[in-house]
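Whatever position you read off the sequence shown (first residue = 1), add 1290 for my numbering. Glycine residues also receive a C-beta, built at the ideal position from the N, C-alpha and C atoms. Owing to the predicted nature of the structure, the values given are computational and were not obtained by experimental measurement.
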Amino acid sequence: MGRKRVVMNITLIGMAGAGKSTIGKALAKRLDYTFIDVDRLITDRTGMPLQVLIDKQGDSALLRFEEEAILGLGQVDNCIISPGGSVIYSEKSMVYLKNISKVVFLDASFRSIARRIPNARRRGIVGLRDRSLKELFEERLVLYNKYADFSVKIRGKENIQGIVDRVIRLCFMVES
1291 MGRKRVVMNI TLIGMAGAGK STIGKALAKR LDYTFIDVDR LITDRTGMPL
1341 QVLIDKQGDS ALLRFEEEAI LGLGQVDNCI ISPGGSVIYS EKSMVYLKNI
1391 SKVVFLDASF RSIARRIPNA RRRGIVGLRD RSLKELFEER LVLYNKYADF
1441 SVKIRGKENI QGIVDRVIRL CFMVES
């Protein structure tokens, strides 16, 4: 006889352009959860778009604000958390997120990421000053897989609700 696993929060990780915000909002709506956009918390706190923050203060400033925003979430329940793609560079943030949520890697191909963010250098992506988007993608792939409880392969023109269904099935699976 199986027992239903109760999950109070779900964190979506992946590259910029993987669909964390779009899928996260749809997931939050379906589950009647609160959607937390960590990039939005950072821009609200600093008063600057992410790319302006990087241009003025560097990648390390964005990483610091991201870690502070995540560790400052406190006790959250019934939330879908969408951090920036660089969250995996902070072990403290990832340990915290794994403690409060199920972490789901939205695994989109490099081709689809490159297609979805043609102006990557204006998107506020940590690491693009000294590496290409492809190099960042390959570097981060290892870390996304390291921290993910589950991975959801994002296929080409897949329906958002289909992805939401798969995330829900993984996070609320019946265990034997």
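Entirely enclosed beta strand (DSSP E) segments - the region 1340–1382, minimum 3 residues: 1369–1372
Burial state of D1420 (16 or more Cβ within 10 Å): exposed
Best match in T1336, L1331, I1360 and S1376 for proximity to L1426 [C-alpha to C-alpha]: S1376
Exposed unless 16 or more other CB atoms sit within 10 angstroms - verdict on E1381: exposed
Coarse secondary structure for V1457, derived from DSSP in three states: helix
N-terminal and C-terminal residue of the alpha helix (DSSP H) that L1418 is part of: Segment: none, L1418 is in no alpha helix (DSSP H) and carries neither H nor E.
Residues that V1442 bridges to, as DSSP identifies them: L1396
Enclosing beta strand (DSSP E) for I1332 [first to last residue]: From DSSP, I1332 is part of no beta strand (DSSP E) but of the alpha helix (DSSP H) over V1328 to T1336.
Distance between D1397 and G1304 (C-alpha atoms, nearest Å): 6 angstroms
CB contact flag (Y1379, L1361, <7 angstroms): no
Extent of the continuous alpha helix (DSSP H) run through I1313: K1310 to L1321
Beta-carbon contacts of L1302 that lie in its chain and below 6 angstroms, excluding the five residues immediately before and after: K1310, G1314, S1372, V1394 and L1396
Secondary structure of F1325, DSSP reduced to three states: strand
Residue closest to T1333, alpha-carbon to alpha-carbon, out of L1431, T1312, F1355 and D1345: F1355
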